[in-house]
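Shown next, in C-alpha coordinates, is the structure this report addresses.
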Amino acid sequence: MKQILRKLAAPILRPLENSTGEYEYSPSHRTVLKIMGVLFFGIAGITLYFSLMINELGGILPVVLFGGIGLICLLVAFVGTDKEVAKLWRNRNEKFSK
(Lines of atoms letter the chains of each structure in order from A and count residues from 1; the text may use other names and numbers.)
(Lines give C-alpha, C1' and ligand atoms only; values in the text may rest on other atoms or scores of the structure.)
Protein backbone atom coordinates (compact mmCIF):
# COMPACT_ATOMS: atom_id res chain seq x y z
CA MET A 1 0.00 0.00 0.00
CA LYS A 2 2.84 2.36 0.86
CA GLN A 3 4.44 1.80 -2.57
CA ILE A 4 1.17 2.60 -4.34
CA LEU A 5 0.83 5.85 -2.37
CA ARG A 6 4.48 6.71 -3.14
CA LYS A 7 3.79 6.27 -6.86
CA LEU A 8 0.69 8.45 -6.67
CA ALA A 9 2.56 11.11 -4.68
CA ALA A 10 5.67 10.98 -6.87
CA PRO A 11 5.23 14.53 -8.27
CA ILE A 12 5.38 15.84 -4.70
CA LEU A 13 8.03 13.49 -3.31
CA ARG A 14 10.46 13.37 -6.26
CA PRO A 15 11.72 16.99 -5.97
CA LEU A 16 12.31 16.49 -2.25
CA GLU A 17 14.20 13.23 -2.79
CA ASN A 18 16.31 14.58 -5.67
CA SER A 19 17.41 17.72 -3.82
CA THR A 20 21.10 18.05 -3.11
CA GLY A 21 22.98 18.80 0.06
CA GLU A 22 23.11 17.54 3.58
CA TYR A 23 20.02 16.99 5.64
CA GLU A 24 19.32 16.53 9.32
CA TYR A 25 16.36 14.34 10.16
CA SER A 26 14.63 14.32 13.51
CA PRO A 27 11.62 12.12 14.32
CA SER A 28 9.87 15.20 15.68
CA HIS A 29 9.76 16.60 12.12
CA ARG A 30 7.54 13.72 11.03
CA THR A 31 5.35 14.08 14.13
CA VAL A 32 4.85 17.80 13.56
CA LEU A 33 3.97 17.16 9.90
CA LYS A 34 1.27 14.72 10.99
CA ILE A 35 -0.15 17.22 13.46
CA MET A 36 -0.04 20.04 10.90
CA GLY A 37 -1.78 17.85 8.31
CA VAL A 38 -4.61 17.04 10.70
CA LEU A 39 -4.95 20.69 11.72
CA PHE A 40 -5.08 21.88 8.12
CA PHE A 41 -7.69 19.24 7.28
CA GLY A 42 -9.65 20.41 10.32
CA ILE A 43 -9.54 24.00 9.12
CA ALA A 44 -10.66 22.87 5.66
CA GLY A 45 -13.54 20.89 7.16
CA ILE A 46 -14.70 23.78 9.35
CA THR A 47 -14.46 26.17 6.43
CA LEU A 48 -16.44 23.79 4.22
CA TYR A 49 -19.11 23.40 6.91
CA PHE A 50 -19.62 27.14 7.39
CA SER A 51 -19.39 27.82 3.67
CA LEU A 52 -22.21 25.35 3.04
CA MET A 53 -24.23 26.71 5.97
CA ILE A 54 -24.30 30.23 4.51
CA ASN A 55 -24.53 29.05 0.88
CA GLU A 56 -21.40 30.96 -0.11
CA LEU A 57 -19.24 29.47 -2.87
CA GLY A 58 -16.35 31.80 -2.03
CA GLY A 59 -15.42 29.42 0.77
CA ILE A 60 -14.33 26.77 -1.71
CA LEU A 61 -10.94 28.42 -2.28
CA PRO A 62 -9.85 28.16 1.39
CA VAL A 63 -11.18 24.58 1.51
CA VAL A 64 -9.04 23.60 -1.48
CA LEU A 65 -6.02 25.52 -0.19
CA PHE A 66 -6.09 24.19 3.38
CA GLY A 67 -7.09 20.72 2.24
CA GLY A 68 -4.20 20.62 -0.25
CA ILE A 69 -1.68 21.72 2.35
CA GLY A 70 -3.03 19.13 4.78
CA LEU A 71 -2.83 16.43 2.11
CA ILE A 72 0.79 17.28 1.28
CA CYS A 73 1.76 17.28 4.96
CA LEU A 74 0.14 13.90 5.60
CA LEU A 75 1.53 12.33 2.42
CA VAL A 76 5.09 13.35 3.21
CA ALA A 77 4.69 12.39 6.87
CA PHE A 78 3.31 8.91 6.22
CA VAL A 79 4.97 7.76 2.98
CA GLY A 80 8.00 10.05 2.68
CA THR A 81 11.54 8.96 3.46
CA ASP A 82 13.62 10.61 6.15
CA LYS A 83 15.33 12.77 3.52
CA GLU A 84 12.01 13.94 2.08
CA VAL A 85 10.72 14.91 5.50
CA ALA A 86 13.94 16.76 6.35
CA LYS A 87 14.02 18.56 3.00
CA LEU A 88 10.43 19.72 3.44
CA TRP A 89 11.64 21.49 6.58
CA ARG A 90 14.50 23.14 4.57
CA ASN A 91 17.34 22.60 6.99
CA ARG A 92 19.13 25.73 8.14
CA ASN A 93 22.59 24.16 7.83
CA GLU A 94 22.56 24.48 4.04
CA LYS A 95 24.26 27.39 2.32
CA PHE A 96 22.36 28.67 -0.67
CA SER A 97 24.22 30.41 -3.46
CA LYS A 98 22.74 33.56 -4.92
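So the mapping is simple: the working numbering equals the position in the sequence shown, first residue as 1, plus 254. Note that CB positions come from ideal geometry on N, CA and C, so glycine has one too. Computed from a prediction, not measured in an experiment: that's the story for all the values here.
For the pair of segments examined, the segment 284-299 was found to touch the segment 324-341: the number of CB pairs separated by less than 8 Å reaches three. Here the segment 319-334 makes contact with the segment 261-274; the two share three or more CB pairs at distances below 8 Å.
A distance below 6 Å between beta-carbons, with the five flanking residues on each side excluded, links Leu328 to the following residues of its chain, in chain order: Gly291. In the three-state reduction of the DSSP assignment, Ser280 falls in the coil class.
Annotation: Gly313 is outside any alpha helix (DSSP H) and is labelled neither H nor E by DSSP. For the 8 Å CB-CB criterion, Gly324 and Phe294 form a contact. By the Cβ neighbour-count rule, Ile289 is exposed, with fewer than 16 other Cβ atoms within 10 Å of its own.
In this structure, the CA atom of Arg344 is about 12 Å from the CA atom of Glu271. In this structure, the CA atom of Glu310 is about 26 Å from the CA atom of Ile326. Between Leu302 and Gly312, the C-beta gap is not smaller than 8 Å, which leaves the two residues out of contact.
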